[in-house]
Structures are given as structure tokens and as C-alpha cells.
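Visitor:
Written out as C-alpha cells, the structure reads:
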């Protein structure tokens with residue numbers, strides 16, 4: 079169709095006027111730019127999805143997939159001096175920086191000081207290198223003995 083128009087016009091015009099008329103190339107060239115743009119969008123989505131997913135999990139403060147929170151809780155509870163563990167939270171702060179917090183109930187401050195290093199080592203062995211431990215001490219009630227194990231002494 080394009081070629082017919084050009085031949086009809088060339089019959090009417092001389093060679094100098096024909097040079098001023100733009101000649102359209104093949105029609106597939108018109109689809110090249112949008113097709114390449116779609117390919118680039120697909121490449122960008124494919125490469126950025128893992129980063130977006132990791133960032134979303136960090137913002138949601140989820141437990142990192144390499145941490146087994148149940149195993150960590152059991153290891154802490156198995157320590158002789160530890161009476162209870164609660165408010166155990168583990169999350170990822172940035173790339174490989176994992177944070178952990180816990181309330182640890184012990185009989186008295188001396189008992190806590192004996193077990194504090196072991197608690198930090200357990201967290202460290204699990205890959206949690208920044209920890210905050212809130213020690214709590216059992217309160218003796220003359221009627222009942224020790225208060226219920228596992229109950230938080232301070233309002234959270």
C-alpha cells in the first residue's frame with residue numbers, strides 16, 4: 079500500500095521534490111519500541127522482586143526463615159536457673175542483622191547473673207547477635223509460694 083502511493087506521487091513530481099517526502103519503512107518497526115519496553119519491564123520486575131520481598135519481610139518484622147523460634151525457646155527453658163521465658167521476639171533489622179528480645183524469669187538477681195552468659199551464647203549460636211534480655215525475678219507469696227511461672231512481672 080505504501081509503495082503504490084510513492085509510485086503514483088513520483089509520476090507527478092520530479093526527482094528533487096521526491097527527496098523531500100519521507101518514506102515509511104517496514105510496519106514492524108512501529109512495534110519494536112513498545113515490545114522492547116515490555117521486555118525491559120519484565121527484566122526489571124524479575125530482578126527487583128526478590129529485593130522487594132526481602133524489604134517487605136523486614137518492614138513487617140517477621141521471624142527470619144533461618145531462625146527456629148520453638149527450638150530457641152526450648153533451649154532457653156532447659157537452662158536450670160531459668161524458671162520461665164516469655165515475650166520472646168526475633169526479627170531482622172537489616173540484611174543480615176538479626177535482633178532478639180526476651181523476658182527471662184529467674185529466682186533472684188544472683189541466679190540471673192550466673193545464667194546471663196549462657197543465654198547470650200544460646201542466642202549467638204542461633205545467629206542472633208544483638209539481644210536485649212529483660213530479667214524478671216520470682217516474687218514469693220507467703221500463702222502460695224512462688225507466683226505463677228510464665229506470668230510477666232511488669233506490664234508489657
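Numbering (our numbering), first residue to last: 79 to 234.
Even for Gly, the Cβ is constructed at its ideal location relative to N, Cα and C.
Please determine if the stretch 117-135 and the stretch 147-167 are in contact, where contact requires at least 3 C-beta pairs separated by less than 8 angstroms.
Guide: No: fewer than three Cβ pairs fall under 8 angstroms.
Visitor: Using three-state DSSP, classify residue 197 as helix, strand or coil.
Guide: Looking at residue 197 - three-state DSSP - the assignment turns out to be helix.
Visitor: Going along the chain, which residues of its own chain have a beta-carbon closer than 8 angstroms to the beta-carbon of residue 190, five neighbours each way excluded?
Guide: Excluding sequence neighbours, residue 190 sits near 159, 182, 184, 213, 215.
Visitor: Does the Cβ of residue 170 have 16 or more other Cβ atoms within 10 Å, making it buried, or fewer, making it exposed?
Guide: Classification of residue 170: buried, given that the 10 Å Cβ count is 16 or more.
Visitor: Buried or exposed: residue 224, going by 16 or more other Cβ atoms within 10 Å of its Cβ?
Guide: Note on residue 224: pLDDT 49, under 50, position unreliable in the model; no value is reported.
Visitor: Compare the beta carbon distance of residue 150 and residue 193 with 8 angstroms and say whether it is the shorter of the two.
Guide: Cβ distance not < 8 angstroms, so residue 150 and residue 193 don't count as in contact.
Visitor: When DSSP labels each residue in this structure, what does residue 188 get in the three-state scheme?
Guide: Note: residue 188 maps to helix in three-state DSSP.
Visitor: Restricting to runs no shorter than 3 residues, where is the beta strand (DSSP E) found entirely within the stretch 132-174?
Guide: For the stretch 132-174, whole beta strand (DSSP E) runs of length 3 or above, ordered along the chain, are 160-172.
Visitor: Along the chain, where does the beta strand (DSSP E) that runs through residue 214 open and close?
Guide: Taken as a continuous stretch (DSSP letters only), the beta strand (DSSP E) holding residue 214 covers 208-215.
Visitor: So which of 115, 217, 200 has the shortest CA-CA distance to residue 186?
Guide: Taking only the C-alpha atoms, the option nearest residue 186 is 217.
Visitor: Do the CB positions of residue 176 and residue 206 come within less than 8 angstroms of each other?
Guide: A contact, by the Cβ cut-off of 8 angstroms.
Visitor: Would you tell me roughly how many angstroms separate the C-alpha atoms of residue 120 and residue 106, rounded to the nearest one?
Guide: Residue 120 and residue 106: Cα-Cα distance of roughly 21 angstroms.
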